[in-house]
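A short worksheet on the structure shown next.
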Amino acid sequence: MRTLLFHIVLFSLVSCAAAQEMEQVVDLTGRWRFEIGDDTTWASKNFDDSDWDRIAVPDYWENQGYPGYDGWAWYRQSFRINESYRYASLFLHMGGIDDIDEVYVNGKLLSFSGSPPPQYFTAYAEDRWYYLPYEYLSYHDENVVAVRVFDREMGGGIIRGRIGIYRQLSYLVPDQSLRGNWKLRLGDRREWSKPDYSDDDWHDVFVPAYWETQRDRHYDGFGWYRRHFRLDPALANQRLILLLGRIDDVDEVWLNGKQIGRTGKMPEQRGTFFDNSSYLKLRSYYIPKTLLRANEDNVIAVRIYDGFMHGGMYQGPIGLVRQKRYREWDAKSTRHEKGGFQRLIESIFGKSEQNR
148 MRTLLFHIVL FSLVSCAAAQ EMEQVVDLTG RWRFEIGDDT TWASKNFDDS DWDRIAVPDY
208 WENQGYPGYD GWAWYRQSFR INESYRYASL FLHMGGIDDI DEVYVNGKLL SFSGSPPPQY
268 FTAYAEDRWY YLPYEYLSYH DENVVAVRVF DREMGGGIIR GRIGIYRQLS YLVPDQSLRG
328 NWKLRLGDRR EWSKPDYSDD DWHDVFVPAY WETQRDRHYD GFGWYRRHFR LDPALANQRL
388 ILLLGRIDDV DEVWLNGKQI GRTGKMPEQR GTFFDNSSYL KLRSYYIPKT LLRANEDNVI
448 AVRIYDGFMH GGMYQGPIGL VRQKRYREWD AKSTRHEKGG FQRLIESIFG KSEQNR
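For the sequence shown, this note's numbering assigns the number 503 to the last residue and increments by one with no breaks.
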(Lines of atoms letter the chains of each structure in order from A and count residues from 1; the text may use other names and numbers.)
(Lines give C-alpha, C1' and ligand atoms only; values in the text may rest on other atoms or scores of the structure.)
Protein backbone atom coordinates (compact mmCIF):
# COMPACT_ATOMS: atom_id res chain seq x y z
CA MET A 1 0.00 0.00 0.00
CA ARG A 2 2.86 2.39 0.79
CA THR A 3 4.35 1.68 -2.62
CA LEU A 4 1.02 2.36 -4.34
CA LEU A 5 0.55 5.59 -2.38
CA PHE A 6 4.08 6.67 -3.29
CA HIS A 7 3.40 6.23 -7.00
CA ILE A 8 0.04 8.04 -6.80
CA VAL A 9 1.69 11.04 -5.12
CA LEU A 10 4.58 10.96 -7.58
CA PHE A 11 2.22 10.74 -10.55
CA SER A 12 0.31 13.77 -9.30
CA LEU A 13 3.51 15.79 -8.93
CA VAL A 14 4.72 14.80 -12.37
CA SER A 15 1.34 15.60 -13.95
CA CYS A 16 1.39 19.07 -12.41
CA ALA A 17 4.94 19.69 -13.63
CA ALA A 18 4.09 18.44 -17.12
CA ALA A 19 0.95 20.58 -17.35
CA GLN A 20 2.89 23.74 -16.51
CA GLU A 21 5.06 23.18 -19.60
CA MET A 22 2.31 22.60 -22.14
CA GLU A 23 0.41 24.93 -24.45
CA GLN A 24 -3.04 23.87 -25.59
CA VAL A 25 -3.33 23.79 -29.39
CA VAL A 26 -6.68 21.97 -29.74
CA ASP A 27 -9.53 22.34 -27.24
CA LEU A 28 -11.53 19.11 -26.91
CA THR A 29 -13.91 20.15 -24.14
CA GLY A 30 -17.57 20.29 -25.13
CA ARG A 31 -20.12 17.88 -26.60
CA TRP A 32 -18.81 14.42 -27.52
CA ARG A 33 -20.57 11.51 -29.20
CA PHE A 34 -21.41 8.84 -26.61
CA GLU A 35 -22.74 5.28 -26.59
CA ILE A 36 -23.00 2.65 -23.87
CA GLY A 37 -21.86 -0.88 -24.64
CA ASP A 38 -18.65 -2.18 -26.16
CA ASP A 39 -17.64 -2.81 -29.76
CA THR A 40 -14.02 -2.55 -30.93
CA THR A 41 -15.12 -1.30 -34.36
CA TRP A 42 -16.07 1.95 -32.64
CA ALA A 43 -12.36 2.83 -32.52
CA SER A 44 -12.22 3.19 -36.31
CA LYS A 45 -11.79 6.66 -37.76
CA ASN A 46 -14.44 5.90 -40.39
CA PHE A 47 -17.12 4.52 -38.06
CA ASP A 48 -20.47 6.30 -38.48
CA ASP A 49 -21.44 7.63 -35.03
CA SER A 50 -24.14 10.02 -36.27
CA ASP A 51 -26.90 8.26 -34.30
CA TRP A 52 -24.98 8.36 -31.01
CA ASP A 53 -26.00 10.58 -28.12
CA ARG A 54 -24.10 13.79 -27.32
CA ILE A 55 -22.94 14.51 -23.78
CA ALA A 56 -20.64 17.06 -22.17
CA VAL A 57 -16.96 16.41 -21.54
CA PRO A 58 -15.80 16.65 -18.84
CA ASP A 59 -18.64 15.43 -16.63
CA TYR A 60 -20.01 12.16 -15.24
CA TRP A 61 -22.30 10.31 -17.61
CA GLU A 62 -24.63 9.69 -14.62
CA ASN A 63 -25.33 13.44 -14.62
CA GLN A 64 -26.37 13.39 -18.27
CA GLY A 65 -29.12 10.83 -18.57
CA TYR A 66 -27.35 7.59 -17.63
CA PRO A 67 -28.01 7.30 -13.87
CA GLY A 68 -26.80 4.11 -12.25
CA TYR A 69 -25.00 2.84 -15.35
CA ASP A 70 -21.82 0.82 -14.71
CA GLY A 71 -19.91 -0.97 -17.44
CA TRP A 72 -18.46 -0.15 -20.84
CA ALA A 73 -19.08 3.00 -22.85
CA TRP A 74 -17.38 4.83 -25.71
CA TYR A 75 -16.75 8.49 -26.49
CA ARG A 76 -15.84 9.91 -29.91
CA GLN A 77 -14.79 13.38 -31.03
CA SER A 78 -13.44 14.79 -34.30
CA PHE A 79 -10.92 17.61 -34.56
CA ARG A 80 -8.54 19.38 -36.89
CA ILE A 81 -4.96 20.39 -36.18
CA ASN A 82 -2.85 23.02 -37.89
CA GLU A 83 -0.04 21.99 -40.23
CA SER A 84 2.40 24.07 -38.14
CA TYR A 85 2.31 21.36 -35.45
CA ARG A 86 3.37 18.54 -37.79
CA TYR A 87 6.73 17.97 -36.07
CA ALA A 88 5.85 19.23 -32.59
CA SER A 89 6.00 17.19 -29.40
CA LEU A 90 2.28 16.67 -28.74
CA PHE A 91 0.29 15.22 -25.85
CA LEU A 92 -3.38 14.30 -25.60
CA HIS A 93 -4.68 15.35 -22.20
CA MET A 94 -7.73 13.30 -21.23
CA GLY A 95 -7.79 14.53 -17.64
CA GLY A 96 -9.49 12.32 -15.08
CA ILE A 97 -11.39 9.23 -16.24
CA ASP A 98 -13.46 7.01 -13.96
CA ASP A 99 -12.29 4.20 -13.91
CA ILE A 100 -10.38 2.65 -16.83
CA ASP A 101 -9.70 3.78 -20.40
CA GLU A 102 -8.21 2.96 -23.77
CA VAL A 103 -7.59 5.86 -26.14
CA TYR A 104 -7.44 5.61 -29.94
CA VAL A 105 -6.51 8.29 -32.47
CA ASN A 106 -7.53 7.62 -36.06
CA GLY A 107 -7.97 3.96 -35.18
CA LYS A 108 -4.52 3.52 -33.60
CA LEU A 109 -4.33 2.53 -29.93
CA LEU A 110 -2.53 5.44 -28.28
CA SER A 111 -2.42 4.33 -24.66
CA PHE A 112 -4.47 3.08 -21.72
CA SER A 113 -4.77 3.41 -17.95
CA GLY A 114 -5.96 0.78 -15.50
CA SER A 115 -7.11 -2.74 -16.28
CA PRO A 116 -10.66 -4.14 -16.62
CA PRO A 117 -11.91 -7.36 -15.01
CA PRO A 118 -10.84 -10.07 -14.45
CA GLN A 119 -7.53 -8.31 -13.65
CA TYR A 120 -9.25 -5.17 -12.41
CA PHE A 121 -7.06 -2.18 -11.55
CA THR A 122 -8.64 1.25 -11.30
CA ALA A 123 -6.97 4.41 -12.56
CA TYR A 124 -9.62 6.93 -11.50
CA ALA A 125 -7.07 9.06 -9.59
CA GLU A 126 -4.67 9.44 -12.52
CA ASP A 127 -4.44 12.56 -14.67
CA ARG A 128 -4.08 11.26 -18.22
CA TRP A 129 -1.32 12.77 -20.36
CA TYR A 130 -0.76 10.57 -23.40
CA TYR A 131 2.12 11.16 -25.79
CA LEU A 132 0.68 11.70 -29.28
CA PRO A 133 3.05 10.90 -32.17
CA TYR A 134 2.61 13.42 -34.95
CA GLU A 135 2.74 10.51 -37.41
CA TYR A 136 -0.70 9.40 -36.15
CA LEU A 137 -2.36 12.65 -37.23
CA SER A 138 -3.77 14.04 -40.46
CA TYR A 139 -3.09 17.72 -41.12
CA HIS A 140 -5.42 18.20 -44.09
CA ASP A 141 -8.67 16.64 -42.90
CA GLU A 142 -10.46 15.62 -39.71
CA ASN A 143 -8.98 13.36 -37.04
CA VAL A 144 -10.98 11.23 -34.61
CA VAL A 145 -10.23 10.41 -31.00
CA ALA A 146 -12.16 7.45 -29.56
CA VAL A 147 -12.12 6.63 -25.85
CA ARG A 148 -13.21 3.26 -24.47
CA VAL A 149 -14.17 3.59 -20.79
CA PHE A 150 -15.02 0.99 -18.15
CA ASP A 151 -16.69 2.08 -14.91
CA ARG A 152 -17.04 -0.46 -12.13
CA GLU A 153 -19.11 1.50 -9.63
CA MET A 154 -20.48 4.92 -8.75
CA GLY A 155 -19.60 7.76 -11.17
CA GLY A 156 -18.20 7.05 -14.63
CA GLY A 157 -16.81 8.83 -17.67
CA ILE A 158 -14.37 11.56 -18.65
CA ILE A 159 -14.92 13.62 -15.56
CA ARG A 160 -12.38 16.44 -15.14
CA GLY A 161 -9.60 18.46 -16.75
CA ARG A 162 -8.92 20.82 -19.66
CA ILE A 163 -9.32 18.12 -22.28
CA GLY A 164 -7.33 18.77 -25.43
CA ILE A 165 -4.11 18.44 -27.40
CA TYR A 166 -1.08 20.19 -26.01
CA ARG A 167 2.32 21.13 -27.39
CA GLN A 168 5.42 20.74 -25.25
CA LEU A 169 6.82 24.27 -25.01
CA SER A 170 10.42 23.25 -25.47
CA TYR A 171 11.52 20.09 -27.19
CA LEU A 172 15.00 18.89 -28.07
CA VAL A 173 14.73 18.04 -31.77
CA PRO A 174 17.44 15.53 -32.74
CA ASP A 175 19.94 16.39 -35.47
CA GLN A 176 19.21 12.95 -36.92
CA SER A 177 15.85 11.42 -36.09
CA LEU A 178 15.62 7.70 -35.35
CA ARG A 179 11.90 7.59 -34.59
CA GLY A 180 9.71 5.43 -36.75
CA ASN A 181 10.18 1.77 -37.61
CA TRP A 182 12.19 -0.40 -35.18
CA LYS A 183 12.47 -4.15 -34.71
CA LEU A 184 11.04 -5.67 -31.50
CA ARG A 185 11.24 -9.12 -29.98
CA LEU A 186 9.84 -10.14 -26.60
CA GLY A 187 12.14 -12.32 -24.52
CA ASP A 188 15.80 -12.09 -23.58
CA ARG A 189 18.94 -13.41 -25.26
CA ARG A 190 22.34 -11.75 -24.91
CA GLU A 191 23.34 -12.36 -28.53
CA TRP A 192 20.63 -9.90 -29.57
CA SER A 193 23.08 -7.11 -28.70
CA LYS A 194 25.50 -8.16 -31.45
CA PRO A 195 25.48 -6.00 -34.59
CA ASP A 196 25.73 -8.97 -36.96
CA TYR A 197 22.72 -10.76 -35.44
CA SER A 198 19.89 -11.17 -37.97
CA ASP A 199 16.65 -9.54 -36.79
CA ASP A 200 14.80 -10.05 -40.07
CA ASP A 201 12.09 -12.16 -38.41
CA TRP A 202 11.46 -9.64 -35.60
CA HIS A 203 8.27 -7.62 -35.45
CA ASP A 204 8.15 -4.16 -37.01
CA VAL A 205 6.90 -1.60 -34.48
CA PHE A 206 6.62 2.16 -34.28
CA VAL A 207 8.86 4.02 -31.82
CA PRO A 208 8.04 5.90 -29.65
CA ALA A 209 4.98 3.99 -28.41
CA TYR A 210 4.24 1.45 -25.68
CA TRP A 211 4.83 -2.09 -26.88
CA GLU A 212 1.41 -3.10 -25.49
CA THR A 213 -0.23 -0.89 -28.13
CA GLN A 214 1.42 -2.92 -30.92
CA ARG A 215 2.06 -6.40 -29.47
CA ASP A 216 0.80 -8.28 -26.39
CA ARG A 217 -1.48 -6.02 -24.32
CA HIS A 218 -0.71 -7.80 -21.03
CA TYR A 219 2.99 -8.58 -21.47
CA ASP A 220 5.42 -7.81 -18.65
CA GLY A 221 9.02 -8.96 -18.84
CA PHE A 222 12.01 -8.60 -21.15
CA GLY A 223 11.99 -7.21 -24.65
CA TRP A 224 14.62 -6.02 -27.11
CA TYR A 225 14.50 -3.28 -29.73
CA ARG A 226 16.94 -2.99 -32.62
CA ARG A 227 17.48 -0.28 -35.23
CA HIS A 228 19.84 -0.14 -38.21
CA PHE A 229 20.87 3.28 -39.51
CA ARG A 230 23.51 5.18 -41.44
CA LEU A 231 25.05 8.26 -39.90
CA ASP A 232 24.14 11.59 -41.46
CA PRO A 233 27.39 12.82 -43.11
CA ALA A 234 26.86 16.23 -41.49
CA LEU A 235 27.35 14.57 -38.08
CA ALA A 236 30.57 12.73 -38.93
CA ASN A 237 33.40 13.49 -36.47
CA GLN A 238 30.96 15.24 -34.13
CA ARG A 239 30.54 14.51 -30.43
CA LEU A 240 27.07 12.99 -30.26
CA ILE A 241 24.42 12.00 -27.73
CA LEU A 242 21.98 9.15 -28.34
CA LEU A 243 18.48 10.17 -27.24
CA LEU A 244 16.06 7.32 -26.54
CA GLY A 245 13.29 9.32 -24.90
CA ARG A 246 11.56 7.63 -21.98
CA ILE A 247 11.61 3.87 -21.48
CA ASP A 248 9.35 1.78 -19.25
CA ASP A 249 10.89 0.47 -17.00
CA VAL A 250 14.70 -0.11 -17.13
CA ASP A 251 17.15 -0.46 -20.00
CA GLU A 252 20.62 -1.34 -21.22
CA VAL A 253 21.84 0.05 -24.55
CA TRP A 254 24.40 -1.18 -27.06
CA LEU A 255 25.75 0.55 -30.16
CA ASN A 256 27.62 -1.61 -32.65
CA GLY A 257 28.05 -4.27 -29.98
CA LYS A 258 29.41 -2.01 -27.24
CA GLN A 259 27.29 -1.11 -24.22
CA ILE A 260 27.07 2.67 -23.93
CA GLY A 261 24.57 3.18 -21.12
CA ARG A 262 21.88 1.93 -18.81
CA THR A 263 19.16 3.29 -16.56
CA GLY A 264 17.80 1.42 -13.54
CA LYS A 265 18.58 -2.08 -12.31
CA MET A 266 17.69 -5.28 -14.12
CA PRO A 267 16.19 -8.24 -12.21
CA GLU A 268 19.58 -10.00 -12.15
CA GLN A 269 20.93 -6.90 -10.37
CA ARG A 270 18.17 -7.27 -7.77
CA GLY A 271 16.22 -4.52 -9.43
CA THR A 272 12.45 -4.34 -9.03
CA PHE A 273 9.74 -2.13 -10.44
CA PHE A 274 8.56 -1.40 -6.87
CA ASP A 275 9.78 2.08 -5.89
CA ASN A 276 11.52 2.27 -9.27
CA SER A 277 10.73 5.35 -11.32
CA SER A 278 13.27 4.87 -14.10
CA TYR A 279 10.34 5.01 -16.53
CA LEU A 280 10.12 8.77 -15.95
CA LYS A 281 13.74 9.55 -16.86
CA LEU A 282 14.79 10.90 -20.23
CA ARG A 283 17.44 8.58 -21.71
CA SER A 284 20.53 10.33 -23.07
CA TYR A 285 23.78 8.42 -23.66
CA TYR A 286 27.11 9.80 -24.86
CA ILE A 287 28.56 8.01 -27.91
CA PRO A 288 32.36 7.55 -28.04
CA LYS A 289 33.57 9.17 -31.28
CA THR A 290 35.31 6.03 -32.52
CA LEU A 291 32.21 3.87 -32.15
CA LEU A 292 30.07 5.19 -35.01
CA ARG A 293 30.80 4.01 -38.55
CA ALA A 294 30.68 6.59 -41.31
CA ASN A 295 29.14 5.36 -44.58
CA GLU A 296 28.36 1.98 -43.00
CA ASP A 297 25.54 0.26 -41.18
CA ASN A 298 25.24 1.05 -37.46
CA VAL A 299 23.10 -0.98 -35.07
CA ILE A 300 21.42 0.09 -31.83
CA ALA A 301 20.19 -2.65 -29.49
CA VAL A 302 18.06 -1.80 -26.44
CA ARG A 303 17.35 -4.40 -23.76
CA ILE A 304 14.31 -3.50 -21.64
CA TYR A 305 12.67 -5.00 -18.59
CA ASP A 306 9.09 -4.00 -17.84
CA GLY A 307 7.81 -5.00 -14.43
CA PHE A 308 4.23 -3.72 -14.49
CA MET A 309 1.61 -2.29 -16.83
CA HIS A 310 3.10 -0.30 -19.74
CA GLY A 311 6.43 -1.17 -21.32
CA GLY A 312 8.84 -0.17 -24.05
CA MET A 313 10.28 2.95 -25.68
CA TYR A 314 7.21 5.08 -25.21
CA GLN A 315 8.05 8.78 -25.57
CA GLY A 316 10.43 10.92 -27.68
CA PRO A 317 12.82 12.42 -28.59
CA ILE A 318 14.51 9.53 -30.41
CA GLY A 319 17.70 10.19 -32.36
CA LEU A 320 21.18 11.69 -32.40
CA VAL A 321 21.99 15.19 -31.21
CA ARG A 322 25.26 17.10 -31.11
CA GLN A 323 26.75 17.32 -27.65
CA LYS A 324 26.92 21.12 -27.86
CA ARG A 325 23.18 21.41 -28.51
CA TYR A 326 22.44 18.90 -25.77
CA ARG A 327 24.47 20.92 -23.26
CA GLU A 328 22.62 24.10 -24.18
CA TRP A 329 19.28 22.35 -23.76
CA ASP A 330 20.39 20.73 -20.52
CA ALA A 331 21.41 24.09 -19.05
CA LYS A 332 18.12 25.85 -19.64
CA SER A 333 15.88 26.18 -16.61
CA THR A 334 12.78 28.19 -17.63
CA ARG A 335 9.84 27.26 -19.88
CA HIS A 336 11.66 24.05 -20.57
CA GLU A 337 11.34 20.35 -19.90
CA LYS A 338 14.45 20.53 -17.74
CA GLY A 339 12.92 23.42 -15.87
CA GLY A 340 10.07 21.34 -14.49
CA PHE A 341 9.28 17.77 -15.40
CA GLN A 342 12.79 16.45 -15.98
CA ARG A 343 14.33 18.54 -13.20
CA LEU A 344 11.73 17.17 -10.77
CA ILE A 345 12.49 13.58 -11.77
CA GLU A 346 16.26 14.01 -11.61
CA SER A 347 16.06 15.74 -8.23
CA ILE A 348 14.22 12.70 -6.82
CA PHE A 349 15.76 9.79 -8.71
CA GLY A 350 18.99 11.03 -10.32
CA LYS A 351 20.13 10.83 -13.94
CA SER A 352 20.57 7.89 -16.25
CA GLU A 353 23.85 6.02 -15.96
CA GLN A 354 26.61 6.12 -18.56
CA ASN A 355 29.02 3.40 -19.60
CA ARG A 356 32.04 4.70 -21.47
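Glycine included, C-beta positions come from ideal geometry on N, C-alpha and C.
Output the distance between the C-alpha atoms of residue i and residue j, rounded to the nearest integer angstrom.
i: L151; j: A272; result: Bear in mind that the predicted position of L151 carries a pLDDT of just 41, short of 50, making it unreliable; the figure below should be weighed with that in mind. If you take the alpha carbons of L151 and A272, they lie about 12 Å apart.
i: E338; j: D453; result: 20 Å
i: D196; j: R309; result: 24 Å
i: T269; j: V296; result: 11 Å
i: Q361; j: Q224; result: 23 Å
i: S431; j: V397; result: 13 Å
i: Y281; j: I202; result: 28 Å
i: F455; j: R336; result: 21 Å
i: R472; j: R364; result: 37 Å
i: M301; j: G177; result: 23 Å
i: T188; j: E249; result: 13 Å
i: N384; j: K436; result: 7 Å
i: V291; j: A235; result: 19 Å
i: Q266; j: I247; result: 12 Å
i: G404; j: V446; result: 8 Å
i: Y344; j: P414; result: 24 Å
Using DSSP with H/G/I as helix, E/B as strand and the rest coil, what is residue i?
i: Y271; result: coil
i: N290; result: strand
i: D185; result: coil
i: Q224; result: strand
i: Q266; result: coil
i: W276; result: strand
i: Q211; result: helix
i: E249; result: strand
i: R332; result: strand
i: S197; result: coil
Using a 10 Å radius around the Cβ and a threshold of 16 neighbouring Cβ atoms, would you call residue i buried or exposed?
i: Q462; result: buried
i: L438; result: exposed
i: Y207; result: buried
i: S260; result: buried
i: G458; result: buried
i: S231; result: exposed
Give me the Cβ distance between residue i and residue j, rounded to the nearest whole Å; I'm assuming they're in contact under 8 Å.
i: K330; j: R373; result: 4 Å
i: L402; j: I434; result: 6 Å
i: G242; j: A190; result: That belief does not hold up - the Cβ atoms of G242 and A190 are roughly 20 Å apart, past 8 Å.
i: V468; j: D367; result: No, V468 and D367 are not in contact; Cβ-Cβ is about 31 Å, not under 8 Å.
i: Y426; j: D395; result: 4 Å
i: G392; j: I465; result: 5 Å
i: I312; j: I228; result: 7 Å
Any heavy atom of the ligand SAM within a distance shorter than 7 Å of the CB on residue i?
i: W329; result: With respect to small molecules bound, the structure shown includes none, and the ligand SAM cannot be examined in it.
Suppose only complete runs of 3+ residues qualify. What are the beta strand (DSSP E) ranges in the stretch 372 to 453, listed by chain order? 387 to 395, 397 to 402, 405 to 410, 429 to 434 and 445 to 453
Report the residue ranges of all beta strand (DSSP E) runs contained in full by the stretch 452 to 477; include only those spanning at least 3 residues, in chain order. 459 to 469
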